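Notes follow the structure.
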Amino acid sequence: RTRGWAGTILYGHLQNFEYASSLWPGDCFAFFVIMSADALIVRKGIEAWVRVHKLSFSINYAGDREYGLPVWREKIRDKIRNDRYPLLPNDVHLKTEAFMNIFDSDYFPRMLHFGMWWKGRKYLNHYQHEGTFYPRALVREIIDFLKGADLFETLPRIGFDLKASWPEEVWIPSYLLKNAQPLLLTTDFSPPLAVRLETRCYSGNDCFTSVERAESLLRGNGGWSSAAKSIFMLKLNYP
14 RTRGWAGTIL
24 YGHLQNFEYA
34 SSLWPGDCFA
44 FFVIMSADAL
54 IVRKGIEAWV
64 RVHKLSFSIN
74 YAGDREYGLP
84 VWREKIRDKI
94 RNDRYPLLPN
104 DVHLKTEAFM
114 NIFDSDYFPR
124 MLHFGMWWKG
134 RKYLNHYQHE
144 GTFYPRALVR
154 EIIDFLKGAD
164 LFETLPRIGF
174 DLKASWPEEV
184 WIPSYLLKNA
194 QPLLLTTDFS
204 PPLAVRLETR
214 CYSGNDCFTS
224 VERAESLLRG
234 NGGWSSAAKS
244 IFMLKLNYP
């Protein structure tokens, strides 16, 4: 059973991957897409998009998608090539409770020791997990890393003290930034396949605050940006 903002979410997704791998061993499937129970698929073509782009990634949230993908992607690559950090403003690190819960945890030193991300808080990366997709071999690599660092079986216990920590939205993005740079520099990665429909939308987040706004973008009113074409799901946080 999962709990919001807790480690059971990432643990559940990775257990689903393990189960799928047991059913289809070898190369019977090449990619793994993460969804959520409250997500609605609103467009066809997910499989074709995933095959072309191979990987979802962002440095922090991917925003409103009203931009061109090649320019957005190259800005991220420029940050990676030139170590243009910090990725998140200092006030985000210091004021966001979930991040502080990670830094103050007993498992954070293990993350640094085994190389989940570079030492230092400024190297943390964070974006939504709904609609993310990864090559099968990369997910296997992440699971093997977590098991080797004795973090995999730790996941179900994280957050049950009601301290939010977002492992599903921090651990994998931070791991990829440090350990998958060759892949990020050579693939045409895209934002996650989902955006959130909710009553409050913080600046830069992947979300809409109205059904009309979401419908307008998905219908291509006023022209489609190439980034908007990455939207295939809506996560329904909107009452």
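Heads up, the sequence shown stops at 252 in our numbering, and the numbers go up one at a time, no gaps.
Think of the CB as a built atom: it goes at the ideal place given N, C-alpha and C, for glycine as much as any other residue.
Treat the numbers as computed from the prediction; the structure is a model and nothing was measured.
Can you tell me which of the options puts its alpha carbon nearest to the alpha carbon of residue i?
| i | options | result |
| --- | --- | --- |
| Ala-50 | Phe-173, Glu-143 and Ile-115 | Glu-143 |
| Asp-77 | Ala-241, Leu-249 and Phe-245 | Ala-241 |
| Ala-150 | Leu-27, Ile-22 and Val-84 | Leu-27 |
| Arg-64 | Ser-203, Asp-96, Met-124 and Lys-88 | Ser-203 |
| Pro-195 | Ser-34, Ile-93, Gly-25 and Asn-29 | Ile-93 |
| Cys-41 | Pro-148, Ile-47, Trp-62 and Phe-127 | Pro-148 |
| Arg-209 | Leu-125, Asp-201 and Val-55 | Val-55 |
Residue i: buried (16+ other C-beta within 10 angstroms of its C-beta) or exposed?
| i | result |
| --- | --- |
| Glu-31 | exposed |
| Ile-185 | buried |
| Lys-67 | buried |
| Lys-132 | exposed |
| Lys-88 | exposed |
| Ile-155 | buried |
| Leu-247 | buried |
Please work out which residues of its chain come closer than 8 Å, Cβ to Cβ, to residue i, disregarding the five sequence neighbours upstream and downstream, and give them in chain order.
| i | result |
| --- | --- |
| Ser-178 | Trp-18, Ala-19, Gly-20, Ala-111, Asn-114, Ile-115, Ser-118, Ile-171 and Gly-172 |
Whole angstroms are fine: how far does the CA of residue j sit from the CA of residue i?
| i | j | result |
| --- | --- | --- |
| Ile-244 | Asp-91 | 24 Å |
| Pro-38 | Phe-45 | 13 Å |
| Ala-52 | Phe-146 | 15 Å |
| Val-183 | Ala-162 | 16 Å |
| Tyr-140 | Val-152 | 17 Å |
| Pro-169 | Glu-181 | 12 Å |
| Ala-43 | Val-84 | 27 Å |
| Leu-190 | Arg-232 | 33 Å |
| Ala-193 | Lys-57 | 29 Å |
| Leu-137 | Glu-228 | 33 Å |
| Phe-70 | Leu-198 | 11 Å |
| Asn-95 | Ile-72 | 14 Å |
| Leu-36 | Leu-206 | 25 Å |
Spatial neighbours of residue i within its chain, please: C-beta separation below 7 Å, excluding the five flanking residues on both sides.
| i | result |
| --- | --- |
| Ser-238 | Arg-78, Glu-79, Tyr-80 and Gly-81 |
| Phe-121 | Ile-115 |
Residues in its own chain within less than 6 Å of residue i by CB, not counting five upstream and five downstream?
| i | result |
| --- | --- |
| Phe-165 | Leu-159 |
| Ile-59 | Phe-245 |
| Arg-123 | Ala-162 |
| Phe-127 | Ala-162 |
Please confirm whether any heavy atom of the ligand FAD lies closer than 7 Å to the CB of residue i.
| i | result |
| --- | --- |
| His-26 | Absence of the ligand FAD is noted for the structure shown, with no ligands found whatsoever. |
Fully enclosed by the segment 40-107, which alpha helix (DSSP H) runs are 4 residues long or longer?
At a cut-off of 4 residues, the continuous stretches assigned as alpha helix (DSSP H) that sit fully inside the segment 40-107 are 59-66 and 82-95.
Which runs of the alpha helix (DSSP H) at least 4 residues long sit entirely within the segment 184-214? Give them in chain order.
Fully enclosed alpha helix (DSSP H) runs of 4 or longer: 194-199.
What alpha helix (DSSP H) runs, 4 residues minimum, are completely inside the segment 104-173?
Segments of the alpha helix (DSSP H) lying fully in the segment 104-173: 110-116, 121-127 and 149-161.
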